[in-house]
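Mapping of the sequence shown onto the working numbering: residues 888 to 1010, in sequence order. C-beta atoms are modelled at their ideal positions from N, C-alpha and C, and glycine is treated no differently. All remarks here apply to the structure that follows.
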Amino acid sequence: MSHPNHLQAVMQKLLADHGEYYPHLLGQRFPHILKRIIAYWGKPEMDGYLDSLMAPPQAGAKGFPQEAIFEIVEIQAVHRAMFRCESPVASPQADKAPLPDSPAPLTGAEHEAAMVFDRLHRR
């Protein structure tokens, strides 16, 4: 089992200039989650993993405290900012697709992620 200080040091290194987003609660109460985040860092599987953490809990499960969800959302936003900074390349089919009348409303977690992402890109 990894020592919590070791996990924190590894995660801080991965976060580089975004150390203020270190997930303290996850590191303290859910070190197994932090280990997976470290393992998926920089990989395309990260989004799916983090999305699965934010899914509604299964019957009988407690789910995460709200502060842990916020940390997960922040980590997802930082990860996206660090590894998907380039503008997506539109395909010819995408240019012909009809645009929706209005965008779907953001969930609380999506809104929080958008705010963190925006703060990261204003630096």
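Residues near residue i in its chain [Cβ-Cβ closer than 8 angstroms; skip 5 each side]
i	result
M897	Going by the sequence as given, residue 897 is Val instead of Met. Answer for V897: I925, listed in chain order.
E1018	Residue 1018 falls outside the range modelled here, since the chain spans only 888 to 1010, and no answer is possible.
G914	P891, L894, Q895, M898, L921
R923	Y936
Continuous alpha helix (DSSP H) stretch holding residue i: start and end
i	result
H911	911-916
H966	953-970
G950	Taken as a continuous stretch (DSSP letters only), G950 belongs to no alpha helix (DSSP H), as it is neither H nor E.
G935	932-941
Spatial neighbours of residue i in its chain, beta-carbon cut-off 6 angstroms, leaving aside the 5 residues before and after
i	result
P944	G950
L901	W928
P931	none
Presumed contact (8 angstroms Cβ cut-off) between residue i and residue j, rounded CB distance
i	j	result
L921	Q963	About 14 angstroms separates the two Cβ atoms, so there is no contact after all.
H966	M933	5 angstroms
M941	I956	6 angstroms
Own chain, CB closer than 7 angstroms to residue i, minus 5 neighbours either side, in chain order
i	result
Q899	G906, Y909
E958	P910, L912, L913
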